[in-house]
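K.L.:
Have a look at this one before I ask anything.
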Amino acid sequence: MLNNRLHENILVSDYDRIAPLISEGSRVLDLGCGHGELLERLTRERHIHGMGVEIDEDAVIECIHKGLSVFQGDLDEGLSDYGDASYDYVILNHTLQVIRRPDFVVEEMLRVGKKAIVSFPNFGHWKVRWQLLVQGNMPHTDKLPFYWFNTPNIHLLTIRDFVDFCRARSIKVLNELDLAGSYPAGTRLIHWGANWRADEGLFVISRAR
Amino acid sequence: MADEKKAGNETPGSVGIVSTQTITVAHPPDVLQLECGRSLGPITVAYETYGALSAKRDNTILIQHAWTGDAHVAGRHHPDDAKPGWWDIMVGPGKAFDTNRYYVICMNVIGGCKGTTGPSSINPATGKPYGLTFPMVTIADMVKVQKLVLEKMGITQLFSMAGGSMGGMQVLEWILRYPESVRSAMIIASTSRLSPQSIGFNEVGRHAIISDPNWQNGDYYQSDKRPETGLAIARMIGHITFLSEESMNQKFGRRLQNQAEYSYLFTREFEVESYLHAQGSRFVKRFDANTYLYITKAMDYFNAAADWGEGSLEKACRRILAKTLVVSFTSDWLFPSNQSRELVKALRQNNKDVSYIEIKSSYGHDAFLLETQTLTRVMDSFLDNLYESVMDHAE
Numbered sequence: 135m136l137n138n139r140l141h142e143n144i145l146v147s148d149y150d151r152i153a154p155l156i157s158e159g160s161r162v163l164d165l166g167c168g169h170g171e172l173l174e175r176l177t178r179e180r181h182i183h184g185m186g187v188e189i190d191e192d193a194v195i196e197c198i199h200k201g202l203s204v205f206q207g208d209l210d211e212g213l214s215d216y217g218d219a220s221y222d223y224v225i226l227n228h229t230l231q232v233i234r235r236p237d238f239v240v241e242e243m244l245r246v247g248k249k250a251i252v253s254f255p256n257f258g259h260w261k262v263r264w265q266l267l268v269q270g271n272m273p274h275t276d277k278l279p280f281y282w283f284n285t286p287n288i289h290l291l292t293i294r295d296f297v298d299f300c301r302a303r304s305i306k307v308l309n310e311l312d313l314a315g316s317y318p319a320g321t322r323l324i325h326w327g328a329n330w331r332a333d334e335g336l337f338v339i340s341r342a343r
Numbered sequence: 124m125a126d127e128k129k130a131g132n133e134t135p136g137s138v139g140i141v142s143t144q145t146i147t148v149a150h151p152p153d154v155l156q157l158e159c160g161r162s163l164g165p166i167t168v169a170y171e172t173y174g175a176l177s178a179k180r181d182n183t184i185l186i187q188h189a190w191t192g193d194a195h196v197a198g199r200h201h202p203d204d205a206k207p208g209w210w211d212i213m214v215g216p217g218k219a220f221d222t223n224r225y226y227v228i229c230m231n232v233i234g235g236c237k238g239t240t241g242p243s244s245i246n247p248a249t250g251k252p253y254g255l256t257f258p259m260v261t262i263a264d265m266v267k268v269q270k271l272v273l274e275k276m277g278i279t280q281l282f283s284m285a286g287g288s289m290g291g292m293q294v295l296e297w298i299l300r301y302p303e304s305v306r307s308a309m310i311i312a313s314t315s316r317l318s319p320q321s322i323g324f325n326e327v328g329r330h331a332i333i334s335d336p337n338w339q340n341g342d343y344y345q346s347d348k349r350p351e352t353g354l355a356i357a358r359m360i361g362h363i364t365f366l367s368e369e370s371m372n373q374k375f376g377r378r379l380q381n382q383a384e385y386s387y388l389f390t391r392e393f394e395v396e397s398y399l400h401a402q403g404s405r406f407v408k409r410f411d412a413n414t415y416l417y418i419t420k421a422m423d424y425f426n427a428a429a430d431w432g433e434g435s436l437e438k439a440c441r442r443i444l445a446k447t448l449v450v451s452f453t454s455d456w457l458f459p460s461n462q463s464r465e466l467v468k469a470l471r472q473n474n475k476d477v478s479y480i481e482i483k484s485s486y487g488h489d490a491f492l493l494e495t496q497t498l499t500r501v502m503d504s505f506l507d508n509l510y511e512s513v514m515d516h517a518e
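Protein chains in written order, with our numbering: chain L, 135 to 343; chain F, 124 to 518.
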């Protein structure tokens, strides 16, 4: 979406995490789909019926060039055009922290999708805490590669914040992948101390109907 | 479909010298049944083609012209023509509609005044121009005539189709009426039905013509007086709706024409006034007033939801098979973006393969003819992917 750099540099390895979560032939809505790498891959490997939503004009044109269905629009305007449970999966990959009303958008994702997949950089990671606590600087890491004056990230959160958010709203967490590492080495799963040790959270959530 | 596009670094070129041709369909007794209940035939259609039809006859792109457009899309009729065709920037070797790949056709619409049978044509039954005896035609009739022409040319499958404004309405009607004949479609700055605001502007334009005493109930062709005042006023009103507040501000501001002070007279003082008058007088030289009446009425009647979905656009779109691209422009207030989004929503609700892009522009409705750089990238991307995927399957 806004942060194409994230899409180009880091997300490549995330696709490996997301692809196995998606059932063959399902309907997938990718919010903030960027240049459409994930949708293209899911279309090729999982034979999904995909649709992307993206605000950036150049990214939309790139999606069109890939032959994807893409809709140029602003996520903060919501998904009112989309019917209840009209998609099997609604994906928000590394975009939660840049939208104006993340709570509203997550609720909309759960209305439109049978399942939602949300990933975000973890602001509780030890490097982030170190930079702020000891150095006294706004954190600047692989997954938060911006400075305070040019960051598109306006709603930073930790893995624990997201778990608390889901609990408070009775959102069911179907799967939680706590990840560390980045492109090109790829990410590994973190099994303990995730809120300190993982630099990224990836959740599959749903709303019990 | 020989692929010469990627070969070499040839700069996009011109299709060169072209000429408008005619073809006649709906010969009696096989006349065309029109939506209004009347029938018409024979119907002569003016058209131009660029590029070459492939051996498999699978590379045709039909371009639909807008309201006051014509079949002359690209190239020049004479080497010393001041201007090339109206979408020359899009059609030619290496351009978005690459004539090395595609066979591009454009036809003047029925009811028109640029070579296709319309109110200014001679009625073979009377030997006189039709005038108001010409039957009312609709967007559906325009499309049915095009289908007859293509059949006569031996073309049953269209690789793609594109049109802006009223051209987009024809594209939409095509993919609704003949879903299996069109592989992909581009609907640009268009709508599935006119808003009351647009119908209102059309009616003011028509009323300007009808109120002109020289209109003579539409029977002015053999008189030396033509409803030029009425037609020019209609064009001036129409032209305002094609621009935007911003583009008019940029273009004219409040500048005065050839004077520094107000003259306190009812003369043309502001630049915008001179501009609109110039547009009006230029227009009457190339356009027929009755055609103006007929074509605006055809647009007013168009309603895809009513015609194909019992009032529901979602229901109407069920029948569409073409991969569709919908394009709108931010400052277009004649056919605003929300009307395009409404169509996209209806297609998406049916799980159709549809993409939507809203191009930032200050040009208003005219952006579909002026935002050529972005539009070229969008259409080129859309067609390129489709062409490659078709070629993959062919091999």
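Backbone N, C-alpha and C fix where the C-beta goes; we use that ideal spot for every residue, glycine too. Predicted model, so just to flag it, every value in this text is computed and none were measured.
Count the other CB atoms, across all protein chains shown, that sit within 10 Å of the CB of I140 (chain F); report buried if there are 16 or more and exposed otherwise.
P.N.:
Burial call: exposed.
K.L.:
Considering Cα atoms alone, identify which of F:F375, F:F393 and F:G403 is closest to A383 (chain F).
P.N.:
Cα-wise, what sits closest to A383 (chain F) is F:F393.
K.L.:
Which residues, taken in chain order from the region 472-501 of chain F, show a beta carbon closer than 9 angstroms to some beta carbon of chain L?
P.N.:
Residues Q472, N474, K475, D476, V477, S478, Y479, I480, E481, I482, K483, T497, R500 and V501.
K.L.:
Is V146 (chain L) helix, strand or coil by DSSP?
P.N.:
Confidence at V146 (chain L) is low in this model, with a pLDDT of 48, below 50, so the placement of that residue is unreliable and no value is reported for it.
K.L.:
Along chain F, in chain order, which residues have C-beta atoms closer than 7 angstroms to that of V204 (chain L)?
P.N.:
Within chain F, the residues near V204 (chain L) are S478.
K.L.:
Report the residues of the region 179-204 of chain L with a CB closer than 8 angstroms to any CB of chain F, ordered along the chain.
P.N.:
From the region 179-204 of chain L, only H183, M185, E191, V194, I195, E196, C197, I198, H199, K200, G201, L202, S203 and V204 have a Cβ closer than 8 angstroms to chain F.
K.L.:
Can you give me the C-alpha to C-alpha distance between A263 (chain F) and M284 (chain F), rounded to a whole angstrom?
P.N.:
Going by the C-alpha atoms only, they are around 16 angstroms apart.
K.L.:
Residues of chain F with a CB under 9 angstroms from the CB of G217 (chain L): which are they?
P.N.:
In chain order: Q472.
K.L.:
Under the rule that 16 or more other beta-carbon atoms within 10 Å means buried, what is Y225 (chain F), buried or exposed?
P.N.:
So Y225 (chain F) ends up on the buried side.
K.L.:
Buried or exposed, going by whether 16 or more other CB atoms sit within 10 Å of the CB of H169 (chain L)?
P.N.:
Buried, because 16 or more other Cβ atoms sit within 10 Å of the Cβ of H169 (chain L).
K.L.:
Starting from the C-beta of G241 (chain F), find all residues in its chain whose C-beta is less than 6 angstroms away, skip the five residues before and the five after it, and write them out in chain order.
P.N.:
Correct list, in chain order: G234, G235 and T414.
K.L.:
Comparing the C-beta of K237 (chain F) with each C-beta of chain L, is any distance below 7 angstroms?
P.N.:
It does not: the Cβ of K237 (chain F) has no partner Cβ on chain L nearer than 7 angstroms.
K.L.:
Identify, in the order they occur along the chain, each residue of the same chain with its Cβ nearer than 6 angstroms to the Cβ of V128 (chain L), setting aside the five sequence neighbours on each side.
P.N.:
Past the edges of chain L, shown from 135 to 343, lies residue 128 (chain L), and the structure says nothing about it.
K.L.:
Could you tell me whether any Cβ in chain L is nearer than 7 angstroms to the Cβ of V504 (chain F)?
P.N.:
It is worth fixing the name first, because residue 504 (chain F) is Ser in this sequence and not Val. With 7 angstroms as the cut-off, S504 (chain F) counts as an interface residue toward chain L.
K.L.:
Take the Cβ of F324 (chain F) as the centre, count every other Cβ of all protein chains shown within 10 Å, and call the residue buried at 16 or more, exposed below.
P.N.:
Buried, because 16 or more other Cβ atoms sit within 10 Å of the Cβ of F324 (chain F).
K.L.:
Answer yes if the region 170-180 of chain F comes into contact with the region 267-281 of chain F, meaning at least three C-beta pairs across the two stretches below 8 angstroms, and no otherwise.
P.N.:
Touching, yes, given that three or more Cβ pairs across the two stretches are closer than 8 angstroms.
K.L.:
Going along chain L in order, which residues have a C-beta closer than 8 angstroms to the C-beta of S512 (chain F)?
P.N.:
Per Cβ cutoff of 8 angstroms: G201.
K.L.:
Check the DSSP bridge columns for H183 (chain L) and list the partner residues they point to.
P.N.:
Bridge partners of H183 (chain L): L:R161.
K.L.:
For S460 (chain F), I'd like the list of residues in its chain whose CB is within less than 8 angstroms of its CB, leaving aside the five on either flank, ordered along the chain.
P.N.:
Closer than 8 angstroms at Cβ, skipping near neighbours: S451, F452, T453 and E481.
K.L.:
Compare the C-beta of K468 (chain F) with all C-beta atoms of chain L and state if any pair is closer than 7 angstroms.
P.N.:
So yes, K468 (chain F) belongs to the interface.
K.L.:
Are any of the Cβ atoms in chain L nearer than 7 angstroms to that of N519 (chain F)?
P.N.:
Since the first and last residues shown for chain F are 124 and 518, residue 519 (chain F) lies out of range.
K.L.:
Provide the residue span of the beta strand (DSSP E) that contains D222 (chain L), from first to last.
P.N.:
That run of the beta strand (DSSP E) goes Y221 to N227.
K.L.:
Hey, quick one: how far does the alpha helix (DSSP H) through V196 (chain F) stretch, first residue to last?
P.N.:
Run containing V196 (chain F): none; DSSP gives neither H nor E here.
K.L.:
Could you compute how far the alpha carbon of G215 (chain F) sits from the alpha carbon of V196 (chain F)?
P.N.:
Approximately 10 angstroms between the Cα atoms of the pair.
K.L.:
Have a look at G376 (chain F) and E494 (chain F) and give me their C-alpha separation to the nearest angstrom.
P.N.:
Answer to the nearest angstrom: the Cα atoms are 21 angstroms apart.
K.L.:
Which runs of the beta strand (DSSP E) at least 3 residues long sit entirely within the region 195-261 of chain L? Give them in chain order.
P.N.:
You should have 204-206, 221-227 and 247-255.
K.L.:
Could you check whether L165 (chain L) and L226 (chain L) sit closer than 7 angstroms to each other, using their CB atoms as the reference points?
P.N.:
Cβ distance < 7 angstroms, so L226 (chain L) and L165 (chain L) count as in contact.
K.L.:
Run the CB neighbour count on S307 (chain F), radius 10 Å, all protein chains shown included, and call it buried at 16 or more, exposed below.
P.N.:
That one is buried.
K.L.:
Along chain L, in chain order, which residues have C-beta atoms closer than 9 angstroms to that of L448 (chain F)?
P.N.:
Ordered by position in chain L, the residues that pass the 9 angstroms Cβ test against L448 (chain F) are I198.
K.L.:
Do you know offhand how far Y398 (chain F)'s Cα is from L185 (chain F)'s?
P.N.:
Spanning the two alpha carbons is a distance of roughly 33 angstroms.
K.L.:
Name the residue from F:A357, F:I356, F:W338 and F:A355 whose alpha carbon lies nearest to the alpha carbon of K348 (chain F).
P.N.:
Nearest option by C-alpha distance: F:W338.
K.L.:
Under DSSP, the beta strand (DSSP E) around C229 (chain F) begins and ends at which residues?
P.N.:
Unbroken beta strand (DSSP E) run through C229 (chain F): Y226 to M230.
K.L.:
Roughly how many angstroms separate the alpha carbons of V227 (chain F) and A355 (chain F), rounded to a whole number?
P.N.:
When rounded, the distance between both Cα atoms is 32 angstroms.
K.L.:
Nearest to E242 (chain L) by CA position, among L:G159, L:E188, L:D210 and L:N256, is which residue?
P.N.:
It is L:D210.
K.L.:
Which same chain residues end up closer than 7 angstroms to P236 (chain L) when comparing Cβ atoms and leaving out the 5 residues on each side of it in sequence?
P.N.:
Correct list, in chain order: L230 and H289.
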